[in-house]
Structure formats: structure tokens, C-alpha cells
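These protein sequence lines are chains X and Y, in that order. Take the first sequence: its position 29, counted from the start at 1, is 29 in the working numbering, and no numbers get skipped. Take the second sequence: its position 46, counted from the start at 1, is 46 in the working numbering, and no numbers get skipped. A short worksheet on the structure shown next.
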Amino acid sequence: MHEHDVDLIAALADGSLGDETEARALVDSCDICHTEYLEQTEVLALISAAPSARMSDLEKAALHRDLWTELRRAPARTGSTPWWQRWSYVAAGLFVVVGLVGVLNLAQDTGGEASDTTIAAEALSDLEAPAEEGVPFVAGEDGAEGGAETTATTAAAEQTLDLPFAGLADEARARRDEGTMSTLDSDEGSEECLARLGLDEHEVVDEIELDQTYLVVMPVDAQAEQVVTFVTIADCAIAHVDG
Amino acid sequence: MTLPGNEAELLTRVVSGDRQAFDQVMLAHEDRVFSVCLRILGDREKALDATQDTFLTVFRKAEQFQGRSAVGTWIYRIAVNTCYDQLRRARRRPTEHLPDHVDPSDPSAEEAIASAALRPEIETALAALPPDFRNAVILADLEGLPLPEAAEILGVPVGTVKSRVFRGRRLLAQHLGNQTDP
């Protein structure tokens, strides 16, 4: 059955077609299509009759209470970061980039990549940019901006907490070298997240709980450079890259 | 419940710590978030946890919302991600599923639990679906979301959601047919 036929039959069944002429003609002219249409309508009649689940009054009250208790216990990162703190991170970032440019120029003199200086300049502009919309786990809203968003999000994520990414990355590499690394079962959510972040040739090797849950991601190819990437699950964003 | 005024403006107030604004956002979306979480997770306690985690993320990430989608779509996407996270953790640390219980001090509990119950054969058939088909059917058919919005929440093209919904319904029909066969 063609995809177009599938779309028509499903839409006819759920009543979302403005003009049903083509769909009716299809269903009337094709036995398989007619059978599919009957199946779709019968199932829809069963499941769409179910009301939306809702919380009880007590559950709602508890939700609001527990939520605000949690928020008071661990204040959210809002736009209230002091200006001097924000600019101190930018200054630190500038220092790192200037150092990077110096090192890369040295590498260039000895045959390094000509594009590294451009990459460093782009990293500088990303550090200066405010954090943009976090990319949700399954997909972001604008794929073209994924790189800048994730870099800005990385900088923002690392501003507030001193997390032991470097040590964890070393542990992950050590386990891979020892052969004691095992890949975690993938699921459609993490696969789509990795694809979204441009980590197609990577796999999830661990999951860790720090301030939030992170996926530990490494290249599938054990012979490739063992860059360890930490991805936040909640919003599918790169929190840290080590290596 | 529809949000009064501009939803994006409310989120801007949330960023500055306006509790009332955040309560309004919650009231507008908490029922659907809970319903989606319950259908995906199939467990009331886990759904309540996931609902709380969802709104914690909404509060903490409010400054990152730039209005490229509707606020509701953005929130439900966070909810689906949160549920995926819970499912992943549950696979690693299986816990016993406890039956939903009625708190005797909560007069609305019994009705709320009854509202969530699907017919047993539908529950079984839905649980047997592959996750991506099940989630598409949950959003489009159970929650009644338009396909473009369901697609945005799931992070896939509209055509993919259409296909998943169609195939999900087809598998449900097969499961339901098998359950009623003598």
C-alpha cells in the first residue's frame, strides 16, 4: 500500500479530511483498503472514547507543594546571575580561546589544520552568546542552529556547577582500554537525541546521576579518538565534551 | 483551561521568579502532562513523579524558551522526554508495580483513578505496541492532539507520525482481535 493511501485511510477514519472524495473512492475500490479502513475506525472508536486521565485534588495539591519545596531547596537558574559572574565566565572563556589559538597556530606552523583558528573564533562567539533554547530529548525546533545552541548550552550548563566530567571521562576511557566497557541498550529516545546532536557514530556507554541525569557517549569505533561526550537527558543537550 | 494573555509573556515572568505566572502555566497544562505521562508509563505514582519532574524542568529551562513552538508543545515534549528517562531507569532498576490506591481522605481520588482506567483489553493491547507507535497513538488518538503538534512533540516529521499512528492502530486492531478470539 502506498504511503499516500495510508495517509488517506487514516485521515478518513479519524475524520480529519476536509474533502473525503478521494479517500472514499480508494476505500470503495480496494478490498485491502476497505479492511484497513474498518480496522482503523473500530480501534479509534474504542480508544478515543477513553477520557483523559486526571489527578485528584489531593494529588494536585501535593504536586504543587512538592514542586515548590524542591524549587526552594535547589533554586532554579533564572536570569538573575550577577553581571560580574557572567563576564568572569566570558573572560575565562576568552583566556582559554586565546590559549587555544596560540597552540593551534603553533600546530599550524608544524603542519596543523588551517581551519582550527576559524573553529576557535566560532567557539569564542558561542561563549559570548546567551544560552539558546535547550534541545529537547527527541528533537529541537531548528536543526540548523543545533551546533551553536549546544555549544552555548554547554557553556551555560558548566557555569553554575563544578561537575567531575574530566574524571568520569578518564574512567570511561580506562574501562574501554581494559575491555570492561559495555554498551547500554539503546532506545528510540537516545538514538534520536544522538542523531539530533550529530553523534551518529556514537554509542551510550553509561548513564550517570549528578545534578541531573547524563548519558555518557563515546565513538562506536574504539580506534577513533576517544572523545567522551556528556549529554543531558532532560533536554538532549551536550553538557561537556572531554578529549 | 486556556492561558490568559500571552503564554510566552507568562514564561518571561516565570524567568524573573514570578510564582503566580508559573502557577498559571502549571494549571493550564498539568492535566494533559499527567495524562500523557500516565498513558506512557502506565503507573500512577510514576506519572505523578514524571509530572513533577516535567514542571521542574519547565521552571529551570523557562529562560531558554524562544517561542519557536507553542508553550504547550514545548512542555509536552519535556514530558515525553522525562517519561523516556523514567522508562530507561526502570529497565535498569525494575520496581514492583503497585496497584493504584484510593486515599480515603481524598474525596476526588476514586473518580480520578476511574477516569484514568482504560478497558483492560485496550490497556493490554496498548502496552504491547512498540514504544514509538504507542506514543504516537497516545498523543494523537488518546489525547486528541493534532498530528503536526504530536509530530513536534515527538521530534519527527508529520509523515512519520501519520505512519506510526496508522500502524499503531492496525497493531491494536490485531491485538484486540486476538484477545476476543475464543
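A virtual CB, placed ideally from N, CA and C, is assigned to each residue, including glycine.
Ranked by how close their Cα comes to the Cα of L126(Y), the residues Q66(Y), E45(Y), R167(Y) and V58(Y) have R167(Y) in first place.
The beta carbon of H175(Y) is closer than 6 angstroms to those of A125 and A128 in its chain, skipping five residues each way along the sequence. In this structure V231(X) touches A239(X) by the C-beta definition: roughly 7 angstroms separates them, less than 8 angstroms.
Counting only Cβ-Cβ distances below 8 angstroms, L41(Y) has no contacts in chain X at all, with the closest Cβ about 11 angstroms away.
E203(X) has M218(X) as its beta-bridge partners, per DSSP.
Given a length threshold of 4 residues, each whole run of the alpha helix (DSSP H) inside the stretch 11 to 54 of chain X is given here in chain order: 21 to 29 and 31 to 47. Here the C-alpha atom of E45(Y) lies approximately 23 angstroms from the C-alpha atom of P130(Y). In terms of Cβ geometry, T57(Y) and T73(Y) do not form a close pair [threshold 8 angstroms]. Not one beta carbon of chain Y lies nearer than 8 angstroms to the beta carbon of T69(X). Note that the stretch 59 to 72 of chain X touches the stretch 17 to 37 of chain Y; at least 3 beta-carbon pairs, one per stretch, sit closer than 8 angstroms. Contact between E22(X) and L38(X) fails: their C-beta atoms lie close to 18 angstroms from each other, not under 8 angstroms. In the DSSP assignment, H29(Y) falls within the unbroken alpha helix (DSSP H) covering R19 to L41.
In the three-state reduction of the DSSP assignment, A239(X) falls in the strand class, which pools E and B.
Within 10 angstroms of the beta-carbon of P164(X) lie fewer than 16 other beta-carbons, which makes it exposed. For E42(X), the chain Y residues whose Cβ falls inside 7 angstroms of its Cβ are A173, in order along the chain. Partner residues in the beta bridge of V231(X), as assigned by DSSP, are L215(X) and I238(X).
Within its own chain, the residues whose Cβ lies closer than 7 angstroms to the Cβ of E143(Y), once the five positions on either side in sequence are excluded, are R32, S35 and V36, listed in chain order.
For D31(X), there are no neighbours in chain Y by C-beta distance under 7 angstroms, as the nearest C-beta there is about 16 angstroms away. Beta-bridge annotation (DSSP): E209(X) is paired with T213(X). Here the C-alpha atom of L118(Y) lies approximately 44 angstroms from the C-alpha atom of A172(X). Burial check for N135(Y): the Cβ neighbour count within 10 Å reaches 16 or more, so the residue is buried. Secondary structure remark: continuous alpha helix (DSSP H) runs of at least 4 residues inside the stretch 43 to 88 of chain Y, in chain order: 44 to 61.
For the stretch 118 to 130 of chain Y, the beta-carbon criterion of a distance under 8 angstroms to any beta-carbon of chain X is satisfied by L118, R119, I122 and L126. With the criterion set as a beta carbon lying under 8 angstroms from some beta carbon of chain X, the members of the stretch 23 to 39 of chain Y are D23, M26, E30, D31, R32, F34, S35, L38 and R39, in sequence order. Spanning the alpha carbons of D141(Y) and V43(X) requires a straight line of approximately 10 angstroms. Here L71(X) carries a helix assignment [DSSP, helix/strand/coil]. For D19(X), no Cβ of chain Y is located within less than 8 angstroms of the residue's own Cβ. Of the candidates T213(X), A53(X) and T41(X), T213(X) places its Cα closest to the Cα of R88(Y).
Under the Cβ distance rule, L145(Y) does not count among the residues neighbouring chain X, no pair being separated by less than 8 angstroms. In terms of beta-carbon proximity, V161(Y) stays away from the interface with chain X, with every pair separated by 8 angstroms or more.
Per the C-alpha coordinates, the member of A50(Y), R39(Y) and T51(Y) positioned closest to S52(X) is R39(Y). DSSP places R13(Y) inside the alpha helix (DSSP H), whose first and last residues are E7 to V15. Contact of R24(X) with chain Y is not assigned, every C-beta pair being separated by 8 angstroms or more. Using beta-carbon distances, E39(X) counts as an interface residue toward chain Y, with a partner under 8 angstroms.
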